[in-house]
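J.: One structure follows; several queries about it will come next.
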Amino acid sequence: ETGVTQSPTHLIKTRGQQVTLRCSSQSGHNTVSWYQQALGQGPQFIFQYYREEENGRGNFPPRFSGLQFPNYSSELNVNALELDDSALYLCASSGETGKSTGELFFGEGSRLTVL
Amino acid sequence: LAKTTQPISMDSYEGQEVNITCSHNNIATNDYITWYQQFPSQGPRFIIQGYKTKVTNEVASLFIPADRKSSTLSLPRVSLSDTAVYYCLVGDDRGSTLGRLYFGRGTQLTVWP
Numbered sequence: 003e004t005g006v007t008q009s010p011t012h013l014i015k016t017r018g019q020q021v022t023l024r025c026s027s028q029s030g031h032n033t034v035s036w037y038q039q040a041l042g043q044g045p046q047f048i049f050q051y052y053r054e055e056e057n058g059r060g061n062f063p064p065r066f067s068g069l070q071f072p073n074y075s076s077e078l079n080v081n082a083l084e085l086d087d088s089a090l091y092l093c094a095s096s097g098e099t100g101k102s103t104g105e106l107f108f109g110e111g112s113r114l115t116v117l
Numbered sequence: 245l246a247k248t249t250q251p252i253s254m255d256s257y258e259g260q261e262v263n264i265t266c267s268h269n270n271i272a273t274n275d276y277i278t279w280y281q282q283f284p285s286q287g288p289r290f291i292i293q294g295y296k297t298k299v300t301n302e303v304a305s306l307f308i309p310a311d312r313k314s315s316t317l318s319l320p321r322v323s324l325s326d327t328a329v330y331y332c333l334v335g336d337d338r339g340s341t342l343g344r345l346y347f348g349r350g351t352q353l354t355v356w357p
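In the order they appear, the protein sequences are chains A and B.
In terms of my numbering, the first sequence is residues 3 to 117.
In terms of my numbering, the second sequence is residues 245 to 357.
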């Protein structure tokens, strides 16, 4: 139990649609990172939000966008869905908790299937 | 981001010690070495982190040689529940890059009865 919650846990979309995934970070954490994990692969960094601002981005197109809210929760939005977007989307939180251990706390992920 | 190389898979039996070695030739001075464990359809879970020499916690040990170009995760007396994918990561975990990590494909450890 990491204290990071993601919703929905599973969802099915069709090509061309848009999806919004949500993440609540662990209490006291101000940084949220999003990862995409395709079947049989390791997680791939999408982007990171720190205090409501994007703070680094991986090799993903602009149709992947995000937000972070004042309570540090976050959303990942994907427009114009493609079949290859089918994956487990992971959210990880970290940040100022008094004594940072350099540890990322991951949620259980949102499984997206694009048909 | 420094990349890592680790075996794709390993097999072991219950009760044995398992050592997984990771190569990270381009590790930078500020980089830490971190290992995560992941079960199917779950998020990765932090196991251990170190900078140099040896680190030990309640679940594992991490050995890092002086040149820091490799590291070895040691799991003592594995059980069936240790069957998982293990990722070795290198990054500046205390700086602005915390959270922006390169996972690679990891090592699938299978523990047999």
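Think of the CB as a built atom: it goes at the ideal place given N, C-alpha and C, for glycine as much as any other residue.
All of these numbers come straight from a predicted model, not from anything done at the bench.
Determine the direct distance from the alpha carbon of A/GLY18 to that of B/ILE264, and round the result to whole angstroms.
T.: Cα-Cα distance, rounded: 42 Å.
J.: Checking contacts by CB at 8 Å: is B/ASP275 closer than that to chain A?
T.: B/ASP275 does not count as touching chain A.
J.: Determine the DSSP secondary structure at A/LEU83, reduced to helix, strand or coil.
T.: In this structure, A/LEU83 counts as coil in the three-state DSSP scheme.
J.: Please tell me whether B/SER285 has its Cβ less than 8 Å away from any Cβ of chain A.
T.: Answer yes: the Cβ-Cβ gap between B/SER285 and chain A drops below 8 Å somewhere.
J.: Assuming B/THR316 and B/THR354 are in contact, meaning their beta carbons sit under 8 Å apart, how far apart are those beta carbons, in whole angstroms?
T.: Not really, about 19 Å apart at Cβ, beyond 8 Å.
J.: Among A/ALA94, A/GLN8 and A/ASN81, which has the Cα closest to the Cα of A/VAL116?
T.: It is A/ASN81.
J.: Output the distance between the C-alpha atoms of B/TRP356 and A/VAL6, rounded to the nearest integer angstrom.
T.: So the two alpha carbons sit approximately 32 Å from each other.
J.: Let me confirm a value: A/GLN70 is counted as buried when at least 16 other C-beta atoms fall within 10 Å, else exposed. Which label applies?
T.: Under this definition A/GLN70 is a buried residue.
J.: Taking DSSP as the reference, what is the three-state secondary structure of A/LEU90?
T.: If DSSP states are grouped into helix, strand and coil, A/LEU90 belongs with the strands.
J.: How would you list, in chain order, the residues of chain B whose beta-carbon sits under 8 Å from the beta-carbon of A/GLU110?
T.: SER285, GLN286 and GLY287, listed in chain order.
J.: Against chain A, with Cβ distances strictly below 8 Å, would B/TYR331 count as a contact?
T.: Chain A, which has a Cβ nearer than 8 Å to the Cβ of B/TYR331, makes this yes.
J.: Whose C-alpha, out of B/GLN250, B/ASN270 and B/ILE291, is nearest the C-alpha of B/ARG312?
T.: Ranking B/GLN250, B/ASN270 and B/ILE291 by Cα distance to B/ARG312 puts B/ASN270 first.
J.: What did DSSP end up calling B/LEU324 once you bin it into helix, strand or coil?
T.: Helix, per DSSP.
J.: Inspect the beta-carbon positions of A/GLU90 and A/ARG53 and report whether they are closer than 8 Å.
T.: The sequence as given places Leu at residue 90 of chain A; Glu does not occur at that position. Result no, Cβ atoms of A/LEU90 and A/ARG53 do not sit closer than 8 Å.
J.: Select from B/SER318, B/LEU324 and B/ALA272 the residue whose C-alpha is nearest the C-alpha of B/TYR331.
T.: Nearest option by C-alpha distance: B/SER318.
J.: Indicate the three-state DSSP secondary structure (helix, strand or coil) for A/VAL6 in the structure shown.
T.: It is coil, neither helix nor strand.
J.: With DSSP as the reference, please indicate the residues paired to B/TYR257 in a beta bridge.
T.: Looking at the DSSP assignment, B/TYR257 forms a beta bridge with B/TRP356.
J.: So the beta strand (DSSP E) A/TYR37 belongs to, where does it begin and stop?
T.: That run of the beta strand (DSSP E) goes 33 to 39.
J.: Run the CB neighbour count on A/GLU105, radius 10 Å, all protein chains shown included, and call it buried at 16 or more, exposed below.
T.: Burial call: buried.
J.: Would you say A/GLY18 lies against chain B (beta-carbon separation less than 8 Å)?
T.: False, the Cβ-Cβ gap to chain B never drops below 8 Å.
J.: Would you say the region 251 to 260 of chain B touches the region 61 to 77 of chain A, given that touching needs at least three Cβ pairs under 8 Å?
T.: Verdict: no, contact absent.
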